[in-house]
Structure formats: C-alpha cells, structure tokens
Amino acid sequence: MISVLEAQEFVLRNAEKLPVISLKLEDSLGYYLAENCLAPLSLPSFRQSAMDGYAFIHTNETRLKVTGQIQAGDLFTPQLKPGEAVRIFTGAPVPDTADTVVIQEHTTREGDTLIIEKLPLPKANVRPIGEQLTAGALVLKKGHQINEASIGFMAGLGFTEIKVYAKPNVCILTTGNELQERGTPLKPNHIYESNGIMLQNALKRLGISNIQLIKVEDTLEQTSKAVKQALEAADVLLVSGGISVGDFDFVQEAFQNNGINEHFYKVNQKPGKPLWFGTKSDKSVFGLPGNPASSLTCFYAYVLPHLRSRMGSLNPFLNERSAVLTETIKNIHSKTLFLKAGVTGNKITPFTGQASSMLNTYALSNALLLIPEDTEQLNEGDAVTYLDLNF
Ligand code: AMP
Ligand code: MG
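In terms of our numbering, the sequence shown opens at residue 170 and continues consecutively.
Written out as structure tokens, the structure is:
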C-alpha cells in the first residue's frame with residue numbers, strides 16, 4: 170500500500186496535458202494558458218491624461234492662456250507653447266509638448282485665462298507610455314488560469330483569441346445493484362444514487378461541463394462493457410464503487426479486461442483506502458470507493474489535482490493552509506486521516522461523524538484536516554494543516 174504523497178505523485182506524473190485549443194477570449198474563463206502571452210502594444214500606448222483638468226508645460230507662472238480642448242478619443246492634439254494651456258479630460262491624449270496636467274478642482278477660469286491655484290509637481294497626472302506594460306513584455310505566463318481580470322487585461326491589449334488547454338470529457342460510471350434513481354419511492358433495501366450527481370457537481374466547480382453519467386449493475390460483463398464504452402468517448406473515467414474486495418466488486422477486473430495500466434491500488438489513508446488509478450494511452454481512470462465521503466475525499470485529494478494538471482495548471486492541488494486545533498485528535502490507524510472540519514478565523518474543529526458513509530458533516534465542511542500517517546496525537550492549540558475546500 171502506498172502513502173498519500175506517493176499516490177499524489179502518481180496522479181501528477183501521469184497527467185498528460187489535454188490538447189491545446191484556440192478560444193475566443195470571451196469564452197476562456199477558467200481555462201489555463203497553453204503559452205506565454207506577450208504584449209502586442211504598450212499600455213497605455215499614448216500619453217494619457219489621468220484626470221479632468223488642463224494640460225500645460227510646467228511653469229511657476231499661475232496665469233495661462235487656454236487655447237483649446239482635447240476630449241478622450243480625439244484623433245489629433247493641438248500643440249501648445251509655454252504660457253498656454255488646453256482643457257483636457259481623463260483618458261484624452263496629452264499634447265507632445267505638454268508635460269503636466271493640473272486637475273480642474275485646483276483651478277479657476279476668467280474667460281480664456283486659467284488661474285492655477287495649486288501648482289502640481291512636474292509630470293503630475295500624465296500617464297506615460299508603457300506605464301502599465303511595454304510592448305513585447307510578458308502579459309501572462311503559460312499555466313495561468315484565466316479569471317475575469319485576465320480577460321479584461323487581455324481585452325485591453327486587443328487579444329481576440331488565446332491558446333489554452335482543452336477541458337476533459339469525463340464519464341462517471343456508478344456501480345451498485347442497490348442504487349436507485351431519485352424521483353420514485355425507494356424500493357426495499359435500496360438507496361438513492363448520490364455519488365454520480367455529487368462528482369458531477371464537483372467537476373462543474375472545475376469548469377468541466379462535458380460529463381456523461383452511466384449506471385451499471387454489479388456484473389463483470391456489464392461493468393467491462395460500460396468501461397469500454399466510456400473509454401471510447403471520455404478523456405477521464407471516474408468509476409464509483411465496486412473497487413473493494415467483495416464478491417460483487419468487479420471494477421478492478423473490468424479495468425484489467427480493458428487493458429488499463431494500473432499505477433496504484435489502495436492508499437494508506439482514511440477514508441478512501443480502496444482507491445485505484447490507472448491510464449490507457451492518454452485516458453485516465455480512477456476507481457473511487459463507493460462510500461460517498463470516501464469518494465469525495467479521493468476526488469479532492471487526487472482527481473481534482475490530476476484534472477487541473479491535465480488542464481494545464483502548474484499549481485493543481487487544493488490550497489493547504491494552517492489553523493489552530495480546538496480539540497485533541499488521536500490517530501490510532503497509522504494512516505493519513507482526512508477529517509471533515511470547519512474553519513472559523515484561525516481555528517479548526519473536526520466534526521463528529523467522520524464515517525465514510527456519511528455526508529451530513531461533509532455538507533457543512535469548509536476544510537479537510539490532514540493528520541499525517543506518522544502522527545499519533547494532536548492537541549488542542551496545535552498548529553495543523555488543512556485543505557481549503559473553498560476553491
Ligand atoms: P462499494 O464501494 O460498491 O462497496 O460501496 C460502498 C458503500 O457505498 C455501499 O454502502 C454502497 O451502497 C455505497 N454506495 C456505492 N455507490 C454509491 C452511490 N453511487 N451513491 C451512494 N452510495 C453509494
Ligand atoms: Mg457496490
């Protein structure tokens with residue numbers, strides 16, 4: 170059985186990048202850049218007024234003659250001589266000869282005469298060319314995840330299309346004869362299927378929307394067939410349940426039947442020990458435990474960083490943060506524990522109800538408290554590490 174760290178290394182080492190695609194800037198939210206982007210122009214690309222006021226050649230003279238006005242967007246600028254000023258507005262081009270803008274609140278007018286009441290420093294309120302960025306400079310690096318600010322920034326540089334890594338097609342396969350779809354009263358000894366929709370929504374938070382859900386009965390034949398079909402369509406296959414050692418757990422055999430190359434099976438952790446990971450050419454396959462809390466924990470710890478890495482992220486894991494423990498925790502298992510927990514301020518409290526079958530406390534958790542396998546006890550007041558579930 171391998172450790173959590175070894176398992177995380179495996180899922181990253183075997184995370185083949187998805188194809189590079191060209192996207193319209195407006196459609197690129199959440200994608201990761203597949204190349205460094207260089208500035209096609211300087212920002213600003215002309216000398217701009219930062220305020221509404223008057224442009225002039227800096228002087229200690231406080232009475233100047235107003236000779237014209239320049240509005241934002243004007244194609245031409247009047248030139249001006251010492252002793253002259255032009256009315257100017259925010260974003261308007263500053264004439265080549267002018268070096269300073271005095272804000273209008275610091276002036277008064279007497280007809281064509283401008284009276285400067287508070288003299289600004291030379292060069293005040295003029296945005297020089299390239300103040301933000303010079304042409305040819307690095308705009309955003311390969312691996313950067315596009316957010317709304319990136320889109321605004323790149324739009325300001327005139328980008329229309331950018332190169333990003335594609336997002337994967339994912340197939341979620343749920344196994345279990347006891348599983349029933351919602352919408353009808355439960356049959357005896359059945360449970361409502363919940364992992365499928367949960368994993369689907371976890372994927373949605375990663376911006377992945379191309380998701381197929383398939384349900385199979387616990388037979389080797391059905392499972393093998395469903396895995397085969399899923400592999401034809403999907404880049405990533407998530408199978409829920411059927412990966413343990415029970416007589417009706419056929420998932421591992423179905424993976425073997427389909428020639429999927431196993432990288433590991435079983436991780437020294439709680440919950441989620443019976444986790445399976447493999448690849449077949451550029452397809453990745455996870456066998457997730459059926460217990461809902463185990464399934465979701467394995468998603469956060471392994472599936473999420475694997476997918477982010479395939480999508481081009483350079484920093485694919487959930488953020489690890491530090492907080493102060495509010496109670497004593499014992500680890501009698503010599504396993505890494507992922508405990509559902511609540512963080513408020515700098516304090517972290519593990520919830521009661523850590524069983525792998527329970528989602529009641531998961532629904533309230535904003536953190537997964539990490540207890541290393543070699544740590545036997547942590548005390549109230551100790552600094553601990555947790556995975557931040559707000560991502
Ligand atoms: P398994 O991993 O198939 O042995 O399942 C472990 C436990 O998780 C069993 O109690 C299953 O009923 C439950 N389980 C498996 N798959 C699901 C699912 N898709 N939704 C909810 N519970 C599940
Ligand atoms: Mg099962």
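Glycine residues also receive a C-beta, built at the ideal position from the N, C-alpha and C atoms.
With a beta-carbon spacing of about 6 Å, Thr236 and Leu249 fall inside the 8 Å limit used to define contacts. Where Leu400 is concerned, the enclosing alpha helix (DSSP H) starts and stops at 389-402.
The beta-carbon distance between Val270 and Val295, rounded to whole angstroms, is 6 Å. This is short enough to meet the 8 Å contact definition.
In the structure shown, the three-state DSSP call for Phe520 is coil. Gly321 and His475 have their alpha carbons spaced roughly 29 Å apart.
Within the same chain, and ignoring the five residues on either side of Asn515 in sequence, the residues whose Cβ sits closer than 6 Å to its Cβ are Ala492, Val493. By alpha-carbon distance to Ile383, the top candidate from Lys373, Gly428, Leu407, Ala241 is Leu407. Fewer than three beta-carbon pairs drawn from the stretch 299-313 and the stretch 181-189 are found closer than 8 Å, and the two stretches are therefore not classed as touching.
Put simply, of Lys439, Pro440, Gln425, Leu444 the residue whose alpha carbon is nearest the alpha carbon of Phe433 is Leu444. Under DSSP, the beta-bridge partners assigned to Ala254 are Phe225, Val235.
Nearest neighbour of Met220 by Cα position, chosen from Pro297, Ala267, Gly260, Arg477, turns out to be Gly260. Using a Cβ distance threshold of 7 Å, Pro262 and Phe215 count as a contacting pair. Relative to the non-hydrogen atoms of the ligand AMP, the Cβ of Gly522 never comes closer than 6 Å to any of them. Of Glu350, Gly365, Met367, the smallest CA-CA separation from His359 is found for Glu350. Glu230 carries a coil assignment under DSSP once its states are collapsed to helix, strand and coil. Excluding residues up to 5 positions away in sequence, Leu487, Asn488, Arg490, Ala536 lie with their Cβ nearer than 7 Å to the Cβ of Asp557 in the same chain. Straight-line measurement puts the Cα of Lys449 at about 35 Å from the Cα of Ser319. Gln238 and Thr246 have their alpha carbons spaced roughly 9 Å apart. No Cβ-Cβ contact shorter than 7 Å links Glu431 with Gly441. Collapsing the DSSP output to three states places Glu279 in a strand. In this structure, the ligand MG has no non-hydrogen atom nearer than 6 Å to the beta-carbon of Gly456. For the ligand AMP, no non-hydrogen atom lies closer than 6 Å to the CB of Glu386.
Taking the Cβ of Gly410 as the reference point, at least one heavy atom of the ligand MG falls within a distance shorter than 6 Å. Residue environment: Ile284 is assigned as exposed (fewer than 16 neighbouring CB atoms within 10 Å of its CB, all protein chains considered).
Remark: the shortest separation between the CB of Gly305 and any heavy atom of the ligand MG does not fall under 6 Å. Pairing Ile257 with Ala224 gives a Cβ-Cβ distance under 7 Å. For His432, the enclosing beta strand (DSSP E) stretches over residues 430-434. Shown here for Asp543: same chain residues with a beta carbon closer than 8 Å to its own, the five before and five after excluded, namely Ser503 in chain order. Restricting attention to Gln177, Leu194, Gly456, Tyr201, the CA atom closest to the CA of Lys186 is found in Tyr201.
Considered as a whole, the stretch 318-350 harbours 330-334, 339-344 as its complete beta strand (DSSP E) runs of no fewer than 3 residues, in chain order.
DSSP, read as helix, strand or coil, puts Leu192 in strand. Asn364 places its beta carbon 7 Å or farther from that of Met170.
Under a 10 Å Cβ-count criterion, Asp416 is classified as exposed, with fewer than 16 other Cβ atoms of the shown protein chains found around its own Cβ. At the C-beta level, Thr344 and Val385 come within 7 Å of one another. Of the candidates Leu210, Asn370, Val454, Tyr555, the residue whose Cα lies closest to the Cα of Ala402 is Val454.
The ligand AMP has no heavy atom closer than 6 Å to the beta-carbon of Ser525.
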